[in-house]
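A.B. asks:
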Amino acid sequence: MLLISMLTAIGLIGFSIFGTKFKAEEKPKKVELKIKLPQPSYKSETSIEEALKLRRSIREYEDRPLTIKHVSQLFWAAQGVTKPEPWLRAGGFKTAPSAGATYPLEVYMVVKEGGVEGLEPGIYHYLPKTHEIELVKKGDYSRELMRAALDQEWVGAAAVNMVITAVYERTTKRYGDRGIRYVHMEVGHVG
């Protein structure tokens, strides 16, 4: 329950906390730091049925940081590779389904000051192929994210916020305009 109470997951499509809008397939070029994440756990003491029964929205969090193991598990659960396939651009099949295995989603974590043990505050991007994160922008952006989320204080109070973005063209070049709907459904799967 600790992890659930400390995490805020937000799907923000079409919004950039990096300060500018990027073209498809672009992201900030400068990578400050790359971190190999610990191996995620593939088994849990809690069944999927129990997790669903216990699921609640929580907007008040314990005043404790997450660990890098928590971060690893969260990123893997969102977009981790479950079956490596070198022929796929995404590096393999992932934890969440994707129309035509186009995998348009990119997952970021906004870490506030003291939010994760051993991680400096900043915006981290997940690299599913290698199960790594890269620091793309240093600093505590929790206030900016809170403002972007209609000033919801619980967003600013969270130790971390997951931000889901999409490169729509990965899906729309195959499926046309209906690919937009597929992308939105995929965000729901990940969230």
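Position in the sequence shown (from 1) plus 1476 gives the number in the working numbering.
Ideal placement from N, C-alpha and C gives every residue a C-beta, glycine not left out.
Report the rounded CA-to-CA distance for Ala1553 versus Ser1618, giving the unit in angstroms.
C.D. replies: Looking at the two C-alpha atoms, the distance is approximately 22 Å.
A.B. asks: Considering only residues of the same chain and omitting the five flanking positions on each side of Gly1652, which have a CB-CB separation below 6 Å?
C.D. replies: Excluding sequence neighbours, Gly1652 sits near nothing in its chain.
A.B. asks: What do you reckon, are the CB atoms on Asn1637 and Leu1611 nearer than 8 Å?
C.D. replies: No.
A.B. asks: Excluding the 5 residues flanking Tyr1644 on each side, which residues of the same chain have their C-beta closer than 8 Å to its C-beta?
C.D. replies: Excluding residues within five positions, the ones whose Cβ falls inside 8 Å are Ala1500, Pro1580, Gly1655, Ile1656, Val1659.
A.B. asks: Which word fits Ile1524, buried or exposed, when buried means at least 16 other C-beta atoms lie within 10 angstroms of its C-beta?
C.D. replies: Classification of Ile1524: exposed, given that the 10 Å Cβ count is below 16.
A.B. asks: Relative to the C-alpha of Val1587, which residue among Glu1526, Thr1606, Arg1650, His1601 is closest?
C.D. replies: Checked all of Glu1526, Thr1606, Arg1650, His1601; the closest Cα to Val1587 is His1601.
A.B. asks: Are the Cβ atoms of Pro1516 and Val1557 separated by less than 8 Å?
C.D. replies: Not a contact, by the Cβ cut-off of 8 Å.
A.B. asks: Nearest by alpha-carbon distance to Lys1582: which of Lys1510, Gln1555, Thr1522 is it?
C.D. replies: Lys is not the amino acid found at residue 1582; the sequence shown has Glu there. Checking every option, the nearest Cα to that of Glu1582 belongs to Gln1555.
A.B. asks: When you compare each of Lys1570, Lys1519, Lys1614, Leu1530 to His1607 by their alpha carbons, which one comes out closest?
C.D. replies: Of the listed residues, the one whose Cα sits closest to His1607 is Lys1570.
A.B. asks: Would you mind stating whether Ala1635 and Gly1591 have Cβ atoms separated by less than 8 Å?
C.D. replies: Closer than 8 Å, so yes.
A.B. asks: Assuming Pro1573 and Gly1567 form a contact by the criterion Cβ under 8 Å, report the distance between their Cβ atoms to the nearest whole angstrom.
C.D. replies: That pair is no contact at about 16 Å.
A.B. asks: For Met1477, does the three-state DSSP call read helix, strand or coil?
C.D. replies: The pLDDT assigned to Met1477 is 35, lower than 50, so where the model puts this residue is not dependable; a value taken from the coordinates is nonetheless given after this. Met1477 falls in the coil class under three-state DSSP.
A.B. asks: Pull up the distance between the alpha-carbon of Glu1593 and that of Ala1577, whole angstroms please.
C.D. replies: Using only the alpha carbons, I get a separation of about 34 Å.
A.B. asks: Taking 7 Å as the limit between beta carbons, can you name the residues of its chain near Thr1647, skipping five residues before and five after?
C.D. replies: Only Ala1575, Thr1578, Pro1580, Gly1655, Tyr1658, Val1659 meet the Cβ criterion.
A.B. asks: Below 6 Å CB to CB, which residues in the same chain sit around Ser1548 once its five sequence neighbours on both sides are set aside?
C.D. replies: Around Ser1548: Leu1513, Pro1514, Pro1516.
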